[in-house]
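Asks:
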Amino acid sequence: MVKITELKEKEVVNIQNGCKLGYVSDIDINLEDGVVEALVIPGGSNFLGLFKRNNDIIIPWNFIRKIGVDVILVDISDNIT
Numbered sequence: 019m020v021k022i023t024e025l026k027e028k029e030v031v032n033i034q035n036g037c038k039l040g041y042v043s044d045i046d047i048n049l050e051d052g053v054v055e056a057l058v059i060p061g062g063s064n065f066l067g068l069f070k071r072n073n074d075i076i077i078p079w080n081f082i083r084k085i086g087v088d089v090i091l092v093d094i095s096d097n098i099t
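Residue 19 is where the sequence shown starts when you use the numbering used here, and the numbers rise one by one after that.
What follows is the structure, encoded as structure tokens:
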């Protein structure tokens, strides 16, 4: 089990290209189903125009491959539009 506060301490890294996306600032939760739907990373720059909400990067939960001790590995293909 992982607490939200623990998620905020982990750096998010894309396994497709090794790009460090930043740290989790928030999460999106589906209150009806009680499941986490996405991680929110504050975006200083636009990451390929993907998952952009204002300046934030939105990482859908199904893109997360591994939550480790220090990092969260995500799989975001450069071909996603």
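Glycine is no exception: its CB is placed at the ideal position from the N, C-alpha and C atoms.
Any idea which residues DSSP pairs G40 with across the strands?
Replies: By 1-based counting over the sequence shown, the position of residue 40 is 22. Answer by DSSP bridge pairing, in chain order: V30.
Asks: Which word fits V53, buried or exposed, when buried means at least 16 other C-beta atoms lie within 10 angstroms of its C-beta?
Replies: Translated into the one-based positions of the sequence shown, residue 53 becomes position 35. It is exposed - the Cβ of V53 has fewer than 16 other Cβ atoms within 10 Å.
Asks: Is N48 helix, strand or coil by DSSP?
Replies: Here residue 48 corresponds to residue number 30 of the sequence shown, with the count starting at 1. If DSSP states are grouped into helix, strand and coil, N48 belongs with the strands.
Asks: I believe V42 touches V58 by the beta-carbon criterion, under 8 Å. Please report the beta-carbon distance rounded to the nearest angstrom.
Replies: Residue numbering aside, residue 42 sits at position 24 when the sequence shown is read from its first letter. Residue numbering aside, residue 58 sits at position 40 when the sequence shown is read from its first letter. Indeed they touch by this definition, with Cβ atoms about 7 Å apart.
Asks: For I22, which three-state DSSP category applies?
Replies: Taking the first residue of the sequence shown as position 1, residue 22 is located at position 4. If DSSP states are grouped into helix, strand and coil, I22 belongs with the helices.
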